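Heads up, the thing below is written out as structure tokens.
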Amino acid sequence: MAKIKGYPFQTRRLSEEEGGGILVTFSDLPGCMSDGETLAQAKANAADAVRGYLASCAKHGDPIPEPGSGGIASGKFLARLPKGLHARLIERARVEGVSMNQMLTAIVAEGLGG
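So for the sequence shown, the numbering used here puts the first residue at 1488; every next one is plus one.
See below:
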């Protein structure tokens, strides 16, 4: 897996509507991203973005994420739902005779294709 400053990164080609070039993102560093016209330029810009991200964490006393710590599925997540949607989920789970978590898992699995 490719890394910048020890942090794994992902790249994707930007569409013309998005301005073109290549986007670099880091699952360990939420919101840290950069782009460039070429992969080399995008990676160089991303290295600058990581330095800035880590400097900001240090300046504000925020914890500095360990490389490789983000994007790992723990099986837990918190989701805020509109009250009406939450009520519909509760009712659907009741009708199906399962817990709300089981119902939500089934709905998400179906939506993601299995």
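Note that CB positions come from ideal geometry on N, CA and C, so glycine has one too.
Nothing here was measured: the structure is a model prediction, and the numbers come from that model.
Quick one: grab the DSSP three-state call for residue i.
i	result
residue 1498	strand
residue 1585	coil
residue 1570	helix
residue 1565	coil
residue 1591	helix
Which two residues bound the contiguous alpha helix (DSSP H) that contains residue i?
i	result
residue 1543	1526 to 1547
residue 1551	No alpha helix (DSSP H) contains residue 1551, which DSSP labels as neither H nor E.
Could you check how far apart the C-beta atoms of residue i and residue j are, in whole angstroms? I think they sit under 8 angstroms.
i	j	result
residue 1491	residue 1534	5 angstroms
First and last residue of the beta strand (DSSP E) that includes residue i?
i	result
residue 1523	1520 to 1523
residue 1516	No beta strand (DSSP E) contains residue 1516, which DSSP labels as neither H nor E.
Would you say the segment 1545 to 1554 touches the segment 1508 to 1517, given that touching needs at least three Cβ pairs under 8 angstroms? Proximity of the segment 1545 to 1554 to the segment 1508 to 1517 meets the contact definition, three or more beta-carbon pairs being nearer than 8 angstroms.
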